[in-house]
Structures are given as structure tokens and as C-alpha cells.
Amino acid sequence: MAHVKAGGTTHNLRDSAPKYRGIKIHDGQTAKAGSIIVRQKGVKIMAGKNAKMGKDCTIFSLKEGVVKFTDVRKVSYDGNVKRKKVASVV
């Protein structure tokens with residue numbers, strides 16, 4: 000005979016793998032050609048000069064240089080002004 004009644008089961012034992020998103024090379028640091036500057040979900044930071052965006056919105060450098068982050072004012076189709084960050088390699 001059992002000493003204690005059977006306990007219930009739980010549904011909360013799963014967890015997703017980490018995605019390691021964020022800024023990998025910060026403002027003022029040097030980047031080699033092809034190195035990842037930002038890993039992001041969606042276009043939070045846009046690619047600027049000597050930088051390109053991959054299909055998963057990852058920004059990588061095209062040339063060797065110093066990474067620079069700047070703010071840009073973008074005017075939307077309805078006239079609203081949005082501020083966007085731009086990552087470029089100088």
C-alpha cells in the first residue's frame with residue numbers, strides 16, 4: 000500500500016533556448032568585415048553605411064572600421080516623425 004497519495008503532474012517544465020540577441024559590437028569599437036554588430040528581432044536598429052541587414056534582421060559589417068550609432072528622424076507616410084537608430088561602420 001502507498002504511504003502517501005499520488006501527487007499531480009505539472010505543465011511548466013519547458014523552456015525555450017536562449018537567442019543571444021543584442022548589440023555585439025558597441026559604439027567606438029572596431030569591427031572586421033563580416034562581423035555581427037547587432038542581433039535583433041525586427042528592425043529596431045537600421046543598417047547604415049558599410050553595414051547590411053541579413054534576412055533575420057541581423058546587422059553585419061561590410062568593411063573593417065569603427066562602429067558608429069546615430070539617431071535619425073524618419074517621416075512616416077502619414078507625417079508622423081519616428082526616431083530610429085542607425086548602425087554604420089566608418
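In terms of numbering that gives the first Met the number 0, the sequence shown opens at residue 0 and continues consecutively.
No residue lacks a Cβ here, since even glycine has one placed at the ideal position from N, Cα and C.
Nonlocal neighbours in the same chain, by C-beta distance under 6 Å from residue i, ignoring five residues either side
| i | result |
| --- | --- |
| Ser34 | Ser60 |
Through-space distance from residue j to residue i, alpha-carbon basis
| i | j | result |
| --- | --- | --- |
| Lys51 | Ile58 | 6 Å |
| Val42 | Cys56 | 6 Å |
| Ile22 | Gln28 | 12 Å |
| Ser75 | Arg13 | 41 Å |
| Thr9 | Gly78 | 51 Å |
Nonlocal neighbours in the same chain, by C-beta distance under 8 Å from residue i, ignoring five residues either side
| i | result |
| --- | --- |
| Arg20 | Arg38, Gln39, Lys40 |
| Asp26 | Val66, Lys67, Phe68 |
| Val85 | Ile44, Met45, Ala46, Gly47, Phe68, Thr69, Asp70, Val71 |
| Arg82 | Asp70, Val71, Arg72, Lys73 |
| Gly53 | Phe59 |
Sequence-distant residues of its chain with Cβ nearer than 7 Å to residue i (five each side left out)
| i | result |
| --- | --- |
| Lys62 | Ala32, Asn49, Val88 |
Residue i - containing beta strand (DSSP E), residue span
| i | result |
| --- | --- |
| Ile24 | Note, Ile24: premise wrong, no beta strand (DSSP E); not H, not E. |
Beta-bridge partners of residue i, as assigned by DSSP
| i | result |
| --- | --- |
| Gly50 | For clarity, residue 50 is Ala in the given sequence; the question names Gly instead. Ala50 pairs with Ser60. |
| Asp70 | Lys84 |
| Ile111 | Any property of residue 111 remains undetermined from this structure, which presents the chain solely from 0 to 89. |
| Ala30 | Gly64 |
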